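K.L.:
There are 2 protein chains.
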Amino acid sequence: MALVVIGGVAAGMSAAARARRLDANLDILVLEKGPVISYGACGLPYFVEGRVTDASQLIVYTPEYFRKERRIEVRTNSPVSTIAHPRREVVLQTGERIRYDRLIIATGAQCDISGIVGADAPHVFTLHTIADAERMRAFLRERRPRTAAVVGSGYIGIEAADALRRNGLAVTIFEAGGHALLREDAAFTEAVRKQLERHKVELRTGVRIASVEDLQYDMVVIGIGFKPNVTIAAEAGVEIGRTGAIRTDDRMETNLRGVYAAGDCTEVQHLVSRRPTWIPLGTTANKAGRVAGANAAGGRDRFPGIVGTSIVSIFGTGFATAGFSVAQARAEGFSPVGARIEGNSKPRYYGGSKTTVELVADRSTRRLIGGSVIGDDGAGGRINVIAAALQAEMKVEEFEQMDLAYSPPFAPVWDPLLIAAQQLMKEL
Amino acid sequence: MALVVIGGVAAGMSAAARARRLDANLDILVLEKGPVISYGACGLPYFVEGRVTDASQLIVYTPEYFRKERRIEVRTNSPVSTIAHPRREVVLQTGERIRYDRLIIATGAQCDISGIVGADAPHVFTLHTIADAERMRAFLRERRPRTAAVVGSGYIGIEAADALRRNGLAVTIFEAGGHALLREDAAFTEAVRKQLERHKVELRTGVRIASVEDLQYDMVVIGIGFKPNVTIAAEAGVEIGRTGAIRTDDRMETNLRGVYAAGDCTEVQHLVSRRPTWIPLGTTANKAGRVAGANAAGGRDRFPGIVGTSIVSIFGTGFATAGFSVAQARAEGFSPVGARIEGNSKPRYYGGSKTTVELVADRSTRRLIGGSVIGDDGAGGRINVIAAALQAEMKVEEFEQMDLAYSPPFAPVWDPLLIAAQQLMKEL
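The listed protein sequences correspond, in order, to chains G and W.
Residues in the first sequence are numbered consecutively from 1, following my numbering.
Residues in the second sequence are numbered consecutively from 429, following my numbering.
#1: At a CB-CB cut-off below 7 Å, which residues of chain W make contact with G:Met-394?
#2: What is the C-beta distance between G:Gly-380 and G:Asp-264, in whole angstroms, given that I count them as a contact (C-beta under 8 Å)?
#3: Using a Cβ distance threshold of 8 Å, determine whether the region 60-69 of chain G contacts the region 170-182 of chain G, with at least three qualifying pairs required.
#4: Let me make sure I understand the geometry here. Which of G:Ser-38, G:Ala-236 and G:Phe-410 has the alpha-carbon closest to that of W:Phe-747?
#5: Assess, as a yes-or-no matter, whether the region 661-671 of chain W is touched by the region 498-505 of chain W under the definition of 3 or more beta carbon pairs within less than 8 Å.
#6: By how many angstroms is the C-alpha of W:Glu-630 removed from the C-alpha of W:Leu-520?
#7: Spatial neighbours of W:Ile-652 within its chain, please: C-beta separation below 6 Å, excluding the five flanking residues on both sides.
#8: Leaving out five residues on either side along the sequence, give the residues of the same chain with a beta carbon under 8 Å from the beta carbon of W:Ala-614.
#9: Roughly how many whole angstroms lie between the Cα atoms of W:Val-635 and W:Arg-795?
#10: Suppose the cutoff is 7 Å on Cβ atoms and the five residues either side in sequence are ignored; what does the same chain contact list for W:Ala-438 look like?
#11: Alpha carbon to alpha carbon, how far is W:Val-788 from W:Val-476? Give it in angstroms, no decimals.
#12: To the nearest angstrom, how far is the alpha carbon of W:Thr-676 from that of W:Glu-828?
#13: Quick one: what does DSSP say W:Lys-461 is sitting in, helix, strand or coil?
#14: Indicate whether W:Gly-727 and W:His-698 have their beta-carbon atoms separated by less than 8 Å.
#15: Among W:Glu-821, W:Ala-817, W:Ser-781 and W:Pro-764, which one has its Cα closest to the Cα of W:Leu-856?
#16: Nearest to G:Ile-341 by CA position, among G:Ser-313, G:Pro-280 and G:Gly-375, is which residue?
#17: List, in chain order, every chain W residue whose beta-carbon is nearer than 8 Å to that of G:Ala-149.
#18: Identify the continuous alpha helix (DSSP H) that holds W:Thr-711 and give its terminal residues.
#19: Give the list of continuous alpha helix (DSSP H) stretches no shorter than 4 residues that lie fully inside the region 510-549 of chain W.
#20: For W:Thr-633 and W:Arg-593, what's the separation of their Cα atoms in angstroms?
#21: Can you check whether the CB of G:Gly-293 is closer than 8 Å to the CB of G:Ala-19?
#22: Check for me: the beta strand (DSSP E) holding G:Ser-14 runs from which residue to which?
#23: If we count Cβ pairs, one from each stretch, closer than 8 Å, do we get three or more for the region 140-147 of chain G versus the region 187-200 of chain G?
#24: Express the C-alpha separation of W:Asp-678 and W:Thr-671 in angstroms, rounding to a whole number.
#25: Using CA atoms only, rank isn't needed, just tell me which of W:Phe-752, W:Thr-510, W:Arg-565 and W:Thr-682 is closest to W:Thr-481.
#26: For chain G, is any of its Cβ atoms less than 8 Å away from the one on W:Cys-539?
#27: Taking only runs that begin and end inside the region 305-337 of chain G, name each unbroken alpha helix (DSSP H) of 4 or more residues, in chain order.
#28: Beta-carbon separation of G:Gly-308 and G:Glu-267 under 8 Å?
#29: From G:Ile-130 to G:Ser-211, what does the alpha carbon distance come to, in whole angstroms?
#30: What number of angstroms, rounded off, separates the C-alpha of G:Leu-140 from the C-alpha of G:Arg-302?
#31: Give a yes or no on whether 8 Å exceeds the smallest Cβ distance from G:Met-402 to chain W.
#32: How many Å lie between G:Met-402 and G:Phe-125 at the Cα?
#33: Whole angstroms are fine: how far does the CA of W:Glu-562 sit from the CA of W:Ser-442?
#34: Short of 9 Å Cβ to Cβ, which residues in the region 702-720 of chain W face chain G?
#35: May I ask which residues mark the beginning and end of the alpha helix (DSSP H) holding W:Asp-560?
#36: Could you tell me which residues DSSP pairs with G:Gln-269 in its beta bridges?
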């Protein structure tokens, strides 16, 4: 049995490793179009910042490791041009044909900047691959830019702005919509804006950048246009969902039998809305890749879906979200009610910091359907509690009585999560 | 309608405040035997340590605050001697009789050291009230002790040892049983021992101290003998559960109609074992007190129970537990399987620290029934995720797929919680 995996970053390598663990005899080949595999793309901003000094630190495993330790063949610089599924073959750009019994598509996503005039200029960057980050780092070192424009206020835009500001640049973020970090929530966006301003980064919402030629900045980072890489899959007859990403069942199998997909090229189930969603993140890629690998090797794993958990550090403060904001929940057909409170991360006599928690519930079912946490410490842990509650379909009254850990060095006796739940109970 | 609350610390004041919020016309009287109300007993070790410089910082609200802002009458230094329920009266030690329509018993717990020979010596301490802590602080200042024995390795013993060591004393902890922090788990206890030893505190397990007269230490802190204060309740006919604490229903009502109980004097439901348990903690006292107050004021609140979540800082490292260890789960009638892993709190290229996670599941139902987390950062957030999963009765396969937040400043792409779940899946 031959398993071919297209793509050697998060989903692809998780899939290959998991398949090997379940079947010691499988022939496993990973085809990666780029020069490196298995890197943590989420670490790129910290390399640009200078905190991570060597990009090789972001590479978790090398092809040699997989070859020797896992008996997984990895071919880098090997882009695939087509999948000929009726013949169970992938065709490389070189014309070489490789047979498979099972195929895993983990082609990821890309930053499509073709719609932006002037995006090919040497002072314009995306931040998606190690090569992107190294080019940016070299530009910072050699050209000593003093001003930067960041296009887009998603995760990459915000993290790039943080990294460049820490390099001493004056940074302005341009966001076409009204919200930051993809959260339709005016108060959340205002908190993002204030935190950026505190560190002298300007956030200009409602400004669409169609051309970078007129932008008078020493460098430009484009953090928009992220799209799933589905062309070769779609051409082979793999079904594409309404989100524009590959559709699979909960075993990560596509409409073609024996062909699986996982990672940033794939949509997954949103466990709150019960609809397919495309939120490309490394955690989802790794988990879904692992499931695809298990099933391609004859296992029976399930990937139920996600609740849209995310966190971003803006100059040390965590901005975390899960599920839906009130506005997003309304658009999804819920009758949402939200409550937002400010608490302290620890008892005041012990120190701690201000922590803002918003919880959103559905009025008719009283189920929690979203939340956000903003704080200097504990934001990651607190959003994860909300994520667990969303996955478990907890009601507000259940959440309000949760037995959360208390000790002055860690949390106050009334955790901000519980205070938010009490407030939400009053609104329901 | 008159509501009388016996006890003015966590449960009592939460109950009184909540009752007022639901019924603006209720006459509310709180009777507190001691000189202060509404203090954070969990903060006492940090006052002994010297981090909290003034004990008054631990007092959240004063009687004056409650009188003026909430119209709640508070009488301090007013111990109750009996409850004459047939006449709906409480009798103070002064002989004064006070009528009630509804009664809330929040008499707390005490450190009963009567069984220890020599415990009344001036160099012997408990750490339960502000007066205890002030006496200890004065002793440290005036007598400059150089060695301390701590009897008991529960929360109070461990926190007192940490606080005294930070004052420069040589500290030895004596524990009669084989385990630390009430967790029947050899590996967990070894981790506690190692962390204590790293900071030059000795933990001697299996040593029962019946007399402190022969202990050659400059001071002795007794952290054992904690018991619920149930005498006046029991004498009035209030049912006492098998744990030795007051038994209530999930509305916190006792067997006597109109008489509620909450806080350290009360047992609550353990949501994993579905049996009554007595784990006296401030969080439970506040939550159950709030429910008792609501129901005494005519509301219909429920306190479902706890999952036994706790966290203690030992020289800056969090030692957190929830639910049952393998040994405890076996004693509760489960067929437990555990998996323990060591992960990193963040991606290695970003820093972070070693984090140990143990998860315990029941083999027949595959339900998570316990866990522990040890780590320098994120231990509080991680144990809360386990607590949420226990409350939601999550299975290991559900927990393994949880959508936890990922970003290098906060967590690695495979959170230690998920790695532990993957390991547990292999064992099941």
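For each residue, glycine too, the CB sits at the ideal point set by N, CA and C.
Because the structure is a prediction, the values reported are computed rather than measured.
P.N.:
On the basis of the supplied data:
#1: Residue 394 of chain G sits at position 394 when you count from the first residue of the first sequence. For G:Met-394, the residues of chain W that pass the 7 Å Cβ criterion are Ala-820, in the order they occur in the chain.
#2: Along the first sequence, read from residue 1 onward, the residue named residue 380 of chain G stands at position 380. Along the first sequence, read from residue 1 onward, the residue named residue 264 of chain G stands at position 264. Wrong, their Cβ atoms sit about 22 Å apart, outside the cutoff.
#3: Result no; under three Cβ-Cβ pairs closer than 8 Å.
#4: Position 319 of the second sequence, counted from the first residue, corresponds to residue 747 of chain W. The residue with the shortest Cα to Cα distance from W:Phe-747 is G:Phe-410.
#5: no
#6: Numbered from 1 along the second sequence, position 92 holds the residue referred to as residue 520 of chain W. Numbered from 1 along the second sequence, position 202 holds the residue referred to as residue 630 of chain W. W:Leu-520 and W:Glu-630: Cα-Cα distance of roughly 45 Å.
#7: As a working mapping, residue 652 of chain W is identified with position 224 in the second sequence. Correct list, in chain order: Val-579 and Gly-580.
#8: Locating residue 614 of chain W in the second sequence gives position 186, counting from the first residue. Result list for W:Ala-614: Gly-606 and His-607, in chain order.
#9: Looking up residue 635 of chain W in the second sequence gives position 207. Looking up residue 795 of chain W in the second sequence gives position 367. Near 36 Å, if we compare the C-alpha coordinates of W:Arg-795 and W:Val-635.
#10: As a first step, residue 438 of chain W must be located in the second sequence, where it is residue number 10. A distance below 7 Å between beta-carbons, with the five flanking residues on each side excluded, links W:Ala-438 to the following residues of its chain, in chain order: Gly-691, Gly-710, Ala-713, Asn-714 and Gly-717.
#11: Counting from one through the second sequence, the residue named residue 476 of chain W turns up at place 48. Counting from one through the second sequence, the residue named residue 788 of chain W turns up at place 360. C-alpha separation (whole angstroms): 36 Å.
#12: Taking the second sequence and counting its residues from 1, the one referred to as residue 676 of chain W is at position 248. Taking the second sequence and counting its residues from 1, the one referred to as residue 828 of chain W is at position 400. Taking the straight line from one Cα to the other gives about 36 Å.
#13: By one-based count along the second sequence, residue 461 of chain W stands at place 33. Looking at W:Lys-461 - three-state DSSP - the assignment turns out to be coil, as it is neither helix nor strand.
#14: Against the second sequence, residue 727 of chain W aligns to sequence position 299. Against the second sequence, residue 698 of chain W aligns to sequence position 270. Cβ distance not < 8 Å, so W:Gly-727 and W:His-698 don't count as in contact.
#15: For the purposes of this step, residue 856 of chain W is identified with residue 428 of the second sequence, where counting begins at 1. It is W:Pro-764.
#16: Here residue 341 of chain G refers to the residue found at position 341 when the first sequence is read from its first residue. Of G:Ser-313, G:Pro-280 and G:Gly-375, the residue nearest in Cα terms is G:Gly-375.
#17: Within the first sequence, residue 149 of chain G is the residue found at index 149, counting from 1. Per Cβ cutoff of 8 Å: no residues; G:Ala-149 is ~23 Å from chain W at best.
#18: Along the second sequence, read from residue 1 onward, the residue named residue 711 of chain W stands at position 283. Its alpha helix (DSSP H) spans residues 710-724.
#19: none
#20: Residue 633 of chain W sits at position 205 when you count from the first residue of the second sequence. Residue 593 of chain W sits at position 165 when you count from the first residue of the second sequence. So the alpha carbons of these two residues sit roughly 19 Å apart.
#21: The residue you call residue 19 of chain G lines up with position 19 of the first sequence. The residue you call residue 293 of chain G lines up with position 293 of the first sequence. In this structure, the beta-carbon distance from G:Ala-19 to G:Gly-293 falls below 8 Å.
#22: Within the first sequence, the letter at position 14 stands for residue 14 of chain G. Unbroken run through G:Ser-14 is the alpha helix (DSSP H), 10-22; no beta strand (DSSP E).
#23: no
#24: For this step, residue 671 of chain W is matched to residue 243 along the second sequence. For this step, residue 678 of chain W is matched to residue 250 along the second sequence. Each residue's Cα considered, the two are about 16 Å apart.
#25: One-based indexing of the second sequence puts residue 481 of chain W at position 53. For the residues W:Phe-752, W:Thr-510, W:Arg-565 and W:Thr-682, the minimum Cα distance to W:Thr-481 belongs to W:Arg-565.
#26: Taking the second sequence and counting its residues from 1, the one referred to as residue 539 of chain W is at position 111. Chain G, which has no Cβ nearer than 8 Å to the Cβ of W:Cys-539, makes this no.
#27: The region 305-337 of chain G contains these whole alpha helix (DSSP H) runs: 326-331.
#28: The sequence position of residue 308 of chain G within the first sequence is 308, counting from 1. The sequence position of residue 267 of chain G within the first sequence is 267, counting from 1. No; because the gap between Cβ atoms is not below 8 Å, this pair is not in contact.
#29: The count along the first sequence starts at 1 and reaches residue 130 of chain G at position 130. The count along the first sequence starts at 1 and reaches residue 211 of chain G at position 211. Their Cα atoms are separated by approximately 25 Å.
#30: Within the first sequence, the letter at position 140 stands for residue 140 of chain G. Within the first sequence, the letter at position 302 stands for residue 302 of chain G. C-alpha separation (whole angstroms): 45 Å.
#31: For this step, residue 402 of chain G is matched to residue 402 along the first sequence. For G:Met-402, the answer is yes, since a Cβ of chain W falls inside 8 Å of its Cβ.
#32: Here residue 402 of chain G corresponds to residue number 402 of the first sequence, with the count starting at 1. Here residue 125 of chain G corresponds to residue number 125 of the first sequence, with the count starting at 1. For G:Met-402 and G:Phe-125, the distance between alpha carbons rounds to 46 Å.
#33: The sequence position of residue 442 of chain W within the second sequence is 14, counting from 1. The sequence position of residue 562 of chain W within the second sequence is 134, counting from 1. Taking the straight line joining both Cα atoms gives about 25 Å.
#34: Leu-709, Gly-710, Thr-711, Thr-712, Ala-713, Asn-714, Lys-715, Arg-718 and Val-719
#35: Walking along the second sequence from the start, residue 560 of chain W turns up at place 132. Following the DSSP letters along the chain, one finds W:Asp-560 inside the alpha helix (DSSP H) bounded by residues 558-571.
#36: Position 269 of the first sequence, counted from the start, is the residue given in the question as residue 269 of chain G. Bridge partners of G:Gln-269: G:Pro-276.
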